[in-house]
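Undergrad:
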Amino acid sequence: FGQYRYLVMRPEKDRSQPYLRGRNITVWQLVNTMRANNLTPQEVAEDFSLPLEQVLDAQAYYQASGDLIASEIAQENLWLRQRGIKLDPVPD
Numbered sequence: 079f080g081q082y083r084y085l086v087m088r089p090e091k092d093r094s095q096p097y098l099r100g101r102n103i104t105v106w107q108l109v110n111t112m113r114a115n116n117l118t119p120q121e122v123a124e125d126f127s128l129p130l131e132q133v134l135d136a137q138a139y140y141q142a143s144g145d146l147i148a149s150e151i152a153q154e155n156l157w158l159r160q161r162g163i164k165l166d167p168v169p170d
């Protein structure tokens, strides 16, 4: 997957963003966890038992592709709201 050694695309999943290699965690899920809990890359790496380089790869992808991820999350949130599922606010 190009320059992101620790990320992988999963065509069988209904997402356009990558997952962390070897985990069922998307880039957004990891970044959102970091933001919501005010964690450093080192802390989230330890909490998830990930190599620090994998966390940094996910952060780099998010910085480069944040618009794509934001669009995907907005579509997913709309789908959930249309089905009456209440969402927690997303931290900035």
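Its first residue numbered 79, the sequence shown is counted upward by one per residue in my numbering.
Just so it is clear, CB atoms sit at the ideal spot from N, CA and C, and this is done for glycine as well.
1. Out of curiosity, what's the CA-to-CA distance linking residue 148 and residue 100?
2. Find the nearest neighbour of residue 140 within the set 90, 109, 152, 89, judged by alpha-carbon distance.
3. What does the Cβ neighbour count give for residue 105, buried or exposed, with the cut at 16 atoms within 10 Å?
4. For residue 84, which option in 124, 142, 137 has the closest C-alpha, if you only look at C-alpha atoms?
5. What is the DSSP secondary structure of residue 97, counted as helix, strand or coil?
6. With a threshold of 9 angstroms between beta-carbons, can residue 161 be considered close to chain D, or not?
7. Determine the direct distance from the alpha carbon of residue 121 to that of residue 86, and round the result to whole angstroms.
8. When the Cα of residue 98 is compared with those of 116, 113, 127, which residue comes out closest?
TA: Taking the coordinates as given:
1. 23 angstroms
2. 109
3. buried
4. 137
5. strand
6. Of the protein chains in this structure there is only one, and it is not chain D.
7. 22 angstroms
8. Selection 116, 113, 127 evaluated against residue 98 yields 127 as nearest (Cα-Cα).
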